[in-house]
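Only one structure is covered here, and it is reproduced in the block below.
Protein chains in written order, with the working numbering: chain A, 1 to 295; chain B, 1 to 283.
Structure (structure tokens):
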């Protein structure tokens, strides 16, 4: 009986120890697999601790095995990566917030499009990438935005509410409402006037004699045709006159020679000069030319 | 009319007007209660001294310790597992349905782990065992007291504390953490089953929550509390049995008193550990 008690107690304690170790290992490290080590280095203040996950392109591939605080402002981080995963050499390590509870993970992000087959070997150091904005930074931003909003609210309180701006605004809205009512009234009146005008126009339009308009248009069309034929005749006359003028300008014709040849002019001038001297001579010696014989 | 031989000029209480008489009775009761509390604390310290003295007799208590470990640990395992299983599943269910839209579902795993491991696993195990084991312990020792078996042991030059109290104390101190390990595992496991199969949380979400921000000290904290609860259960239960008054009524009164004192002690220790050690859980 006593031996049976010892066996049952022993079994229970052994199982408890196994459950305890397995549970803690699974929760802290993801299992018993040791994996291979990779190293990286971050600046202080990353909230990193042992057991936090290591993500490759968002997939959990290992855990943070150790974090050593260096005196020069950096943290040496030892990562333990499961053997079935390989990290491309283009990957950069950053600390990424996981959820809203302040927990972080080491995120390994390979460069897309680059050679993904060339991978880090055990013991290599992965370069750290530019840190991402964490919850603390986002909260700081949110805090500053909240502060700015508070200032704006305070300014609105002072300028709009306390200084009577809200009252003025209410008064302005009242005046605008009254103005809109007046405009509505005017629009109604103008609508009536427009209706009357359209009615008058419609009456005038109905009183017009369409037959008379038709004959007027017919007469206008005939006059237009007459004007067109007259213009055509004038055009013909103008062309004939142009031909005549062209002939006159031509030196070969009689009129052309009359207009352009200076010989006639000179002969005429000489003739006029001779006539002039003849007349002068006649005046001076009429007897020379005129002989009167009576009987 | 009462006379006070040491104070011949003292006026009997019954001769005072009713208002003063009531006040005198009240203060007398309070002072008696305070003195009784101090007397109890002093008696606990003496009992603790006796236990410390008895630890030097391993030949007396070691053989009995194994039997007590079986009584306290192995026999309490089914009850502990049932309680932890229901608690874990209810935590997962309640957390899932209290969450407002937009909250990550992994929170269910995180809440289940934190509540079970840090608080409810050790606490409920302690309270359940205070009823089951503590009452039994008080009744056993109390019966031995009223049937004068303890006096017989003393007559035989056997240290009754080494034979009756130390084995129960050691067994409880060892087996409470063991039971708490099972309670934690079953609680988290039942929370997982309830979360995944009853509320539609994906297994990966629940597992992510379980692993989120986990530190080994959380388990140490849980087991440390369980150890203290085990010590409190066995100490106060054994003490109440050890001082049981004659008769079945005396044993019954001691048993009830043991359950009450043990339960209060567990809650006080729980609060104390939270105040003292909870800040270290953040690291």
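Glycine residues also receive a C-beta, built at the ideal position from the N, C-alpha and C atoms.
Since the model is a prediction, treat every value here as computed from it, not as a measurement.
Does any CB atom of chain B fall closer than 8 Å to the CB of residue i?
i	result
residue 65/A	no
residue 5/A	yes
residue 20/A	yes
residue 51/A	yes
residue 78/A	no
residue 97/A	no
residue 108/A	no
residue 103/A	yes
residue 16/A	yes
Would residue i and residue j qualify as a contact pair, given that the criterion is a beta-carbon distance under 8 Å?
i	j	result
residue 214/B	residue 51/A	yes
residue 68/B	residue 136/B	no
residue 59/A	residue 219/B	no
residue 258/B	residue 234/B	no
residue 46/A	residue 9/A	no
residue 95/A	residue 79/A	no
residue 181/B	residue 27/A	no
residue 105/B	residue 205/B	yes
residue 129/B	residue 222/B	no
residue 119/A	residue 89/A	yes
residue 138/B	residue 247/B	no
residue 89/B	residue 191/B	yes
residue 289/B	residue 127/B	Chain B is shown from 1 up to 283; residue 289/B falls before or after that span and cannot be answered.
residue 77/A	residue 106/A	yes
residue 249/A	residue 256/A	yes
residue 172/B	residue 121/B	no
residue 84/B	residue 195/B	no
residue 161/B	residue 251/B	no
residue 83/A	residue 35/A	yes
residue 209/B	residue 107/B	yes
residue 73/A	residue 43/A	yes
With DSSP as the reference, label residue i as helix, strand or coil.
i	result
residue 1/B	Below a pLDDT of 50, predicted positions are generally treated as unreliable, and residue 1/B, at 48, falls in that range; the measurement from the model is reported next regardless. Of the three classes helix, strand and coil, the one that applies to residue 1/B here is coil, per DSSP.
residue 74/A	strand
residue 131/A	coil
residue 103/A	strand
residue 41/A	strand
residue 111/A	coil
residue 52/B	helix
residue 92/A	strand
residue 99/B	coil
residue 80/A	strand
residue 36/A	strand
residue 210/A	helix
residue 87/A	coil
residue 97/A	strand
residue 61/A	strand
residue 69/A	strand
residue 183/A	helix
residue 12/B	coil
Please tell me whether residue i has its Cβ less than 8 Å away from any Cβ of chain A.
i	result
residue 219/B	yes
residue 216/B	yes
residue 213/B	yes
residue 77/B	yes
residue 181/B	yes
residue 178/B	yes
residue 243/B	no
residue 66/B	yes
Which chain A residues are close to residue i, counting only those with a beta carbon under 7 Å from its beta carbon?
i	result
residue 73/B	9, 12
residue 168/B	Going along chain A, no residue has its Cβ under 7 Å from residue 168/B, so there is no contact; the nearest lies around 14 Å.
residue 96/B	Result: empty, since nearest Cβ-Cβ is about 16 Å, beyond 7 Å.
residue 69/B	9
Name, please, each residue of chain B whose Cβ falls closer than 7 Å to the Cβ of residue i.
i	result
residue 23/A	185
residue 56/A	Under the 7 Å cutoff, chain B gives no residues; its nearest Cβ is about 16 Å from residue 56/A.
residue 75/A	Those do not exist, as residue 75/A stays about 15 Å from chain B at its closest Cβ, beyond 7 Å.
residue 48/A	What residue 48/A touches in chain B: nothing, since even the nearest Cβ is about 12 Å away.
residue 27/A	210, 211, 214
Which residues in chain B have a C-beta closer than 8 Å to the C-beta of residue i? List them in chain order.
i	result
residue 122/A	Result: empty, since nearest Cβ-Cβ is about 24 Å, beyond 8 Å.
residue 179/A	In chain order: nothing, as chain B lies at least about 47 Å away.
residue 142/A	The contacting residues do not exist; residue 142/A stays about 16 Å from chain B at best.
Quick check: does the Cβ of residue i come within less than 7 Å of any heavy atom belonging to the ligand FAD?
i	result
residue 43/A	In the structure on display, the ligand FAD does not appear, and there are no ligands present to speak of.
Mind the definition here: the region 74-85 of chain B touches the region 96-114 of chain B only if three or more C-beta pairs lie below 8 Å; say whether that holds.
Short answer: they don't touch.
Below 8 Å, how does it come out for the region 246-263 of chain B and the region 123-136 of chain B: are there three or more Cβ pairs, yes or no?
yes
Check whether the region 224-232 of chain B and the region 170-185 of chain B touch, using three or more Cβ-Cβ pairs below 8 Å as the test.
With three or more CB-CB distances shorter than 8 Å, the region 224-232 of chain B counts as touching the region 170-185 of chain B.
Check whether the region 27-46 of chain A touches the region 111-127 of chain A, counting contact only when three or more Cβ pairs, one atom from each stretch, lie closer than 8 Å.
yes
When you compare the region 150-166 of chain B with the region 54-69 of chain B, are there three or more beta-carbon pairs, one atom per stretch, that lie closer than 8 Å?
yes
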